[in-house]
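To start, the structure itself, in structure tokens.
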Amino acid sequence: MTTTTVDATGLDTLRGDLWAAVTGRDEFRAADVVLRALDAGTPAETVLLDVIAPVQSRVGRAWQADRLTVAQEHAATAIAERVVAALAHHSAHRPEPYGGRITVACVDQEWHVLPARLLAEVLTLRGWKVDFLGAQVPTPHLVAHLHSTGADAVALSSSIATRLPTAHTAITACQAVGVPVLAGGAAFGVDGRYARLLGADAWAPDARAAARRLADGIPAPDLAAGRRETDGLAHLADQEYTLVVRSRARLVGAVLAYLEKNFPAMAEYSAPQRERTAEDIAHIVEFLGVALYTDSDDLFTDFVRWTAAVLTARKVPARSLRPALDALGVELKDFPRATRMLGRACGHLDEAVPTTDQHPGASA
Amino acid sequence: MVSPEGKTTTPTKNTRVTKERFAPASWGRPPHAVIVVDPAGTAARVDGETSLLPGVEQGMPLPDGLAWLARATAEAAADAVHRGDPEPPAVAGEFRGRRFEAHPTRCADGSVVWWLVDHTARYAAEEALTAERERTTFLAEASNVLLSSLNAERCMAATARLASGFLADAAVVVAPAEGRQLPVTRAVRGGEAAQALIAADPSTVPGLAEALKGFPPVPSRWIDPTSLPDWLVPDGFGTTVGSVVVTPLPGHGVPAGALILLRTDTRRGFSENEETFARLFAARSGAALSAARLYAEQHSITRTLMRDLLPPRLHRVHGVEFAGSYRSSDARDRVGGDFYDVHPGRTASEPSLVVLGDVCGKGLDAAVLTGKIRNTLQALMPMAGDHERVLQLLNGALLNSDNTRFATLVLASVRRAENQVHLRLTSAGHPAPLVVRNDGRVEEIPTHGSLVGALEQITAHTVGTTLLPGETCLLYTDGITEARGGPLGGELFGDERLKRALAECGGMPGEALVEHVRMLASQWLRDGGHDDLAVVAITAPQTTHLSAVDGHTRGRYTS
Numbered sequence: 000m001t002t003t004t005v006d007a008t009g010l011d012t013l014r015g016d017l018w019a020a021v022t023g024r025d026e027f028r029a030a031d032v033v034l035r036a037l038d039a040g041t042p043a044e045t046v047l048l049d050v051i052a053p054v055q056s057r058v059g060r061a062w063q064a065d066r067l068t069v070a071q072e073h074a075a076t077a078i079a080e081r082v083v084a085a086l087a088h089h090s091a092h093r094p095e096p097y098g099g100r101i102t103v104a105c106v107d108q109e110w111h112v113l114p115a116r117l118l119a120e121v122l123t124l125r126g127w128k129v130d131f132l133g134a135q136v137p138t139p140h141l142v143a144h145l146h147s148t149g150a151d152a153v154a155l156s157s158s159i160a161t162r163l164p165t166a167h168t169a170i171t172a173c174q175a176v177g178v179p180v181l182a183g184g185a186a187f188g189v190d191g192r193y194a195r196l197l198g199a200d201a202w203a204p205d206a207r208a209a210a211r212r213l214a215d216g217i218p219a220p221d222l223a224a225g226r227r228e229t230d231g232l233a234h235l236a237d238q239e240y241t242l243v244v245r246s247r248a249r250l251v252g253a254v255l256a257y258l259e260k261n262f263p264a265m266a267e268y269s270a271p272q273r274e275r276t277a278e279d280i281a282h283i284v285e286f287l288g289v290a291l292y293t294d295s296d297d298l299f300t301d302f303v304r305w306t307a308a309v310l311t312a313r314k315v316p317a318r319s320l321r322p323a324l325d326a327l328g329v330e331l332k333d334f335p336r337a338t339r340m341l342g343r344a345c346g347h348l349d350e351a352v353p354t355t356d357q358h359p360g361a362s363a
Numbered sequence: 000m001v002s003p004e005g006k007t008t009t010p011t012k013n014t015r016v017t018k019e020r021f022a023p024a025s026w027g028r029p030p031h032a033v034i035v036v037d038p039a040g041t042a043a044r045v046d047g048e049t050s051l052l053p054g055v056e057q058g059m060p061l062p063d064g065l066a067w068l069a070r071a072t073a074e075a076a077a078d079a080v081h082r083g084d085p086e087p088p089a090v091a092g093e094f095r096g097r098r099f100e101a102h103p104t105r106c107a108d109g110s111v112v113w114w115l116v117d118h119t120a121r122y123a124a125e126e127a128l129t130a131e132r133e134r135t136t137f138l139a140e141a142s143n144v145l146l147s148s149l150n151a152e153r154c155m156a157a158t159a160r161l162a163s164g165f166l167a168d169a170a171v172v173v174a175p176a177e178g179r180q181l182p183v184t185r186a187v188r189g190g191e192a193a194q195a196l197i198a199a200d201p202s203t204v205p206g207l208a209e210a211l212k213g214f215p216p217v218p219s220r221w222i223d224p225t226s227l228p229d230w231l232v233p234d235g236f237g238t239t240v241g242s243v244v245v246t247p248l249p250g251h252g253v254p255a256g257a258l259i260l261l262r263t264d265t266r267r268g269f270s271e272n273e274e275t276f277a278r279l280f281a282a283r284s285g286a287a288l289s290a291a292r293l294y295a296e297q298h299s300i301t302r303t304l305m306r307d308l309l310p311p312r313l314h315r316v317h318g319v320e321f322a323g324s325y326r327s328s329d330a331r332d333r334v335g336g337d338f339y340d341v342h343p344g345r346t347a348s349e350p351s352l353v354v355l356g357d358v359c360g361k362g363l364d365a366a367v368l369t370g371k372i373r374n375t376l377q378a379l380m381p382m383a384g385d386h387e388r389v390l391q392l393l394n395g396a397l398l399n400s401d402n403t404r405f406a407t408l409v410l411a412s413v414r415r416a417e418n419q420v421h422l423r424l425t426s427a428g429h430p431a432p433l434v435v436r437n438d439g440r441v442e443e444i445p446t447h448g449s450l451v452g453a454l455e456q457i458t459a460h461t462v463g464t465t466l467l468p469g470e471t472c473l474l475y476t477d478g479i480t481e482a483r484g485g486p487l488g489g490e491l492f493g494d495e496r497l498k499r500a501l502a503e504c505g506g507m508p509g510e511a512l513v514e515h516v517r518m519l520a521s522q523w524l525r526d527g528g529h530d531d532l533a534v535v536a537i538t539a540p541q542t543t544h545l546s547a548v549d550g551h552t553r554g555r556y557t558s
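These protein sequences, in sequence, are chains A and B.
FYI, the numbering for the first sequence is 0 to 363, going by numbering that gives the first Met the number 0.
FYI, the numbering for the second sequence is 0 to 558, going by numbering that gives the first Met the number 0.
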């Protein structure tokens, strides 16, 4: 489909220029970089997926490593989105008609819109009729849209793993009206294991693979048999997920109280610092909830590993996570799966950094 | 022949059994047909219900229709495995339209006594039961398929596919005419349904015009398959049509179309039973189709009516960046009690008017009032320079109308001069606008005034401010500050938290800032319910370049 007319060095230069423009908050220069590349004959798909997408990943990594502030990250993302919009109107962006119709949407509460936006543009370039519903699409909106348009398939995007239960609802809802779902995005795992677990009809690791998969055709779910149960979620019968999610606020409060009692340093925390600590704990509980939903120890361990990296980058010792996990372990001692997951994560933290008594600093 | 008195002691088991089992003379007339077939295939004796075996003569070879019994006799005689007890297994066969189960008993002389049990009625019942079970399963599956979609095209395709697969060799769904064209969906057994608009007169198909009006179906024997127009027969049907059924698809009180079933001339025609069943299926499919059409109609009406109630997509106007975001409290609704608008000034030197407001209440009722307020304010644009006057007129209009709702709003007159953006802001009972300075300071604009739609007399106090390049003025509704949630649950988000969050957003583009606020609210609420939420950012652009990306591009939120 795409024949790249620029060599690797050319792409490197483009990425470098775009990186400088988006991190320098220079929207016009960013648009210039992209539009000049198109004028020079670089295929639009290459610009989208080999220039804009990698620059955006670099923005994410830079935030994680504390080289960009939240504000810079948001600004860079906003500029990237505008650049994609500008590209959509460039004359190089002329799709041949194809006939199929695809709905592209983000799961409810998922605000990372760029991966879905890039896919929508790539599909348009490849000749699909695309309905792009954007970020945070409530499932009822998605289903109403499917009823009225009769799309051939839904491409559902989710970046944060905590959206997986919501993604499950959306997948089931689309299938219930007879529309197959292609799942994509970091939330579904690097190998798509969570897409399979939640019963998605297909999964793709990136926009090109997604476009190929959709072109191959995804068979529509069999409606004749009625609603199907997702295999592999039998573990939900133990109610651990439901109970943990339902008592999230209480758990956060209990962990916070434990930390305040055992780490006098926290008494000196300002209200915003205390709130950030509470938010971090809420995040841990949220990820534990999703790990219970998917019964995936890796999901929780990966989250703890990622958090440790973010904390370390912000000069907060990663071992400060340990007391919070311990306190959570005490609260959830009657939950075998949760206990197992917390144990594994603690094991990982201990391996990575030997513990000493340290006050639990959040990213405050 | 075996003697009837042979039930005295016998030396071997084999002969004893034979003698005991067959002593017809002492039993009277057995209730089944009995034939003794000798190894040569001759009916050595015929007894019992001989009326079931017309043409079988004692002493004559078995007639052709009983060749299966002659074969079974030879097999039974040669069956070494079943020699002795038990007897060889029964065989089943047909004779003169009846179905028999023939149970053998071997005689010592090599002939076999066949007891022919008449199972004609049982087989018929079993076949009927199987057929009924298949139909029930089919109807259940068809209902699952038809009820799951509210899309009329999908329903028609499903109807054609299901009917061609189970009821006929091909099926055609004809929807009520759109103008002079008939929307037709055709499917051949095992294939996908194809849809087309065909300029054709339904009266060319016998019974179709009637079926489309909802009249009862014409029995298939009255339809001459050769009279069918070519457009009716789907591609890939292959051969000529042998039989046709045209049945109406009854909707909810209005005909939803017609279903035409076609069978090839190599298959038998439709029985009365099958036609009845086709009507049962048509009733389900018609109901589903009618529901889908009603939904589409309602959807289109709603969309048209809502077009003016949805918040507009904002973009750059006269050198000032505008960005907005809206989310209604109910995930099913797209509109609610919050609203915003940007009314551009007639020229770049005239200020544009930005309005953001909140009608008390939620849902459609509130949304209808936002529409009235937005229209009224647009009409008041010529006097937009005097915010207090605009608000007084709006207040009067609201008091004179039937509704008892009130509203809070904030007005902003926005004008760019050089690199700076000059603002005049007036709050009418609304949360004060916040200005995010480049150095991260967050200023609350001290404008205040009464809400509109409740009191006879209202006052308002307008405050001016200036944005330097990169600075943003944020208008928002209390959906964000009164969001309840947070890590510990049940806590208000509050003004202070919003200001603290905005303090990290110095120099952020308006769109990013709006997204950031929306994300904060969503994170704070987690899965909890929330009020309507509207945010508008007015931003002085960073540079004086004319943008290649002027914002007149497709928005990110086209829902």
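All residues carry an ideal CB built from backbone N, CA and C; glycine is no exception.
Computed from a predicted structure; not experimentally measured.
- Closer than 8 Å to the CB of glycine 164 of chain B there is not a single CB belonging to chain A.
- Within 8 Å of the CB of glycine 506 of chain B, the CB atoms of chain A belong to Arg24, Ala70, Ala74, in sequence order along the chain.
- DSSP places glutamine 456 of chain B in the coil class of the three-state scheme, outside both helix and strand.
- Contacts with chain A (Cβ-Cβ distance below 7 Å) from the stretch 134-151 of chain B involve Glu140, Asn143, Val144, Ser147, Ser148, Leu149, Asn150, listed in chain order.
- Listed along the chain, the chain A residues whose CB falls inside 9 Å of the CB of histidine 386 of chain B amount to none; the nearest CB is some 30 Å away.
- By the 16-neighbour rule on beta-carbons within 10 angstroms, alanine 77 of chain B is exposed.
- Restricting attention to beta strand (DSSP E) runs no shorter than 3 residues, the stretch 330-360 of chain B encloses them at 337-342, 351-358, ordered along the chain.
- Per the DSSP secondary-structure output, alanine 406 of chain B pairs in a beta bridge with B/Val358, B/Val451.
- In the displayed model, arginine 321 of chain A falls within a helix according to three-state DSSP.
- Contact of glutamine 541 of chain B with chain A is assigned, a C-beta pair being separated by under 8 Å.
- Rounded to whole angstroms, the separation of the alpha carbons of valine 106 of chain A and valine 121 of chain A is 19 Å.
- With respect to chain B, the C-beta atom of valine 176 of chain A has a partner C-beta closer than 8 Å.
- Taken through DSSP and simplified to helix, strand or coil, arginine 14 of chain A comes out as helix.
- Taken in chain order, the members of the stretch 289-312 of chain B whose beta-carbon sits within less than 9 Å of a beta-carbon on chain A are Ala291, Tyr294, Ala295, His298, Ser299, Arg302.
- Interface residue (Cβ-Cβ distance to chain B less than 8 Å): histidine 146 of chain A is classified as such.
- Counting C-beta pairs closer than 8 Å gives fewer than three between the stretch 469-489 of chain B and the stretch 45-63 of chain A, which falls short of the contact rule.
- Within chain B, the C-beta atoms nearer than 7 Å to that of glutamine 108 of chain A come from Ser521, in chain order.
- Contacts with chain A at 8 Å (Cβ-Cβ) do not include glycine 362 of chain B.
- One thing to note: alanine 539 of chain B has its Cβ within 8 Å of the Cβ of leucine 467 of chain B.
- Here glycine 92 of chain B is not near proline 60 of chain B, since their CB atoms are 8 Å or more apart.
- From the beta-carbon of valine 251 of chain A, the residues of chain B found nearer than 7 Å are Pro486, Leu487.
- In the three-state DSSP reduction, valine 254 of chain A falls in the helix class (H, G or I).
- When 7 Å is used as the limit between beta carbons, glycine 149 of chain A is near these residues of chain B: Asn150, Glu152, Arg153, in chain order.
- Leucine 222 of chain A has a beta carbon lying within less than 8 Å of a beta carbon in chain B.
- The alpha-carbon separation between proline 381 of chain B and serine 351 of chain B amounts to approximately 11 Å.
- Straight-line spacing of the CA atoms in leucine 242 of chain A and valine 303 of chain A works out to 21 Å.
- Counting only residues of its own chain and dropping the five nearest sequence neighbours on each side, threonine 148 of chain A has a CB closer than 8 Å to the CB of Arg100, Thr102, Asp130.
- Chain A has a Cβ within less than 8 Å of the Cβ of glutamate 510 of chain B.
- Chain B places no beta carbon closer than 8 Å to that of proline 114 of chain A, leaving this residue out of the contacts.
- Excluding sequence positions up to five before and after histidine 421 of chain B, its CB lies within less than 6 Å of the CB of Arg414, Thr465, all in the same chain and listed in chain order.
- Secondary structure at histidine 111 of chain A: coil, using DSSP grouped into helix, strand and coil.
- Judged by DSSP in its simplified three-state form, tryptophan 113 of chain B adopts strand.
- When DSSP reads this structure, serine 142 of chain B sits in no beta bridge, so it has no partner.
- With fewer than 16 other CB atoms across the displayed protein chains lying within 10 angstroms of its CB, phenylalanine 214 of chain B is exposed.
- Using a 10 angstroms sphere on the CB of histidine 144 of chain A, the tally of other CB atoms reaches 16 or more, which defines it as buried.
- Leucine 320 of chain A and arginine 247 of chain A have their alpha carbons spaced roughly 18 Å apart.
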